[in-house]
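Novice: Numbering (the working numbering), first residue to last: 98 to 350. For each residue, glycine too, the CB sits at the ideal point set by N, CA and C.
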């Protein structure tokens, strides 16, 4: 396998690190960049890296001392900060609350070849609830898909993503990267892995913001939003989508 970097933003996720970090280290990355926006997480991350014999290959970055005044989405800034400071061009982007399937490593060095810029991987909430089961089913039925767990080739990312445009977005930063990438390069989605998301947030406010971004960033059609809202019982997604669409119409008149 080619050498690769892993980038992990961390914010008050101390309880998840004993599960997520060992799963990252099992993939044998050449380096792991942990970007902390909460200093209390650093101590436990150091302990885990030492226990897994990965301390020397782990880079601990205290982001609390790095401002991002021109970015509306702090985590978008954090990820790009990590991407720019990674040593290797193949970068795995994951979260501190996600436990990775070891089989994910079989796909990492495929990016950068044959115009393939990004591979995204299926992810399911844990403990598994009805919505997680529905999501699992949808990922296997739909012809394409995307989650915030992905590996990509940095030269292609640097060429395609408009960071100035990204700075104005309050959310959907992973989707922005994905959509930018696929305008010029191939992308893929792997459905058969068991990556577990330990902290799934289900609130009306989060769904409302998701709906806004599905209109503003993804440009999803209304009928797909209706199906999504009904299938997952998330009326907030439809409300956010319609609110953002109405706002867009006002701005163009």
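Reducing DSSP to helix, strand and coil, say where residue 338 ends up.
Specialist: helix
Novice: Applying the 10 Å Cβ sphere with the 16-neighbour rule, what's the burial state of residue 320?
Specialist: exposed
Novice: Tell whether a beta-carbon distance below 9 Å holds between residue 221 and residue 176.
Specialist: no
Novice: If I measure Cβ to Cβ from residue 335 and keep anything under 7 Å in the same chain, skipping five residues before and after, which residues do I get?
Specialist: 308, 322, 323 and 326
Novice: Ignore the nearest five residues each way along the sequence and tell me which others in residue 263's own chain have a CB closer than 7 Å to its CB.
Specialist: Around residue 263: 173, 270 and 273.
Novice: Over what stretch of residues does the beta strand (DSSP E) that includes residue 132 continue unbroken?
Specialist: Looking at the DSSP string, the run of the beta strand (DSSP E) that includes residue 132 is 128 to 133.
Novice: Between residue 206 and the rest of its own chain, which residues show a CB-CB distance below 6 Å, the 5 nearest in sequence each way excluded?
Specialist: 98 and 99
Novice: Throw me the rounded Cβ distance for the residue 38 and residue 123 pair, which I believe falls under 8 Å.
Specialist: For the chain, the structure presents residues 98 to 350; residue 38 sits outside this window and is missing.
Novice: Skipping 5 residues on each side, what residues in its chain have a beta carbon closer than 6 Å to that of residue 149?
Specialist: For residue 149, where only same-chain residues beyond five positions count, the Cβ hits under 6 Å are 119 and 122.
Novice: Determine the DSSP secondary structure at residue 109, reduced to helix, strand or coil.
Specialist: coil
Novice: Give the straight-line distance between the Cα atoms of residue 245 and residue 348, rounded to the nearest whole angstrom.
Specialist: 30 Å
Novice: Please tell me whether residue 251 and residue 183 are closer than 9 Å, where the distance is taken between their beta carbons.
Specialist: Yes, these two residues count as a Cβ contact at 9 Å.
Novice: Hey, quick one: how far does the beta strand (DSSP E) through residue 323 stretch, first residue to last?
Specialist: Where residue 323 is concerned, there is no enclosing beta strand (DSSP E), although the alpha helix (DSSP H) it sits in stretches over 319 to 328.
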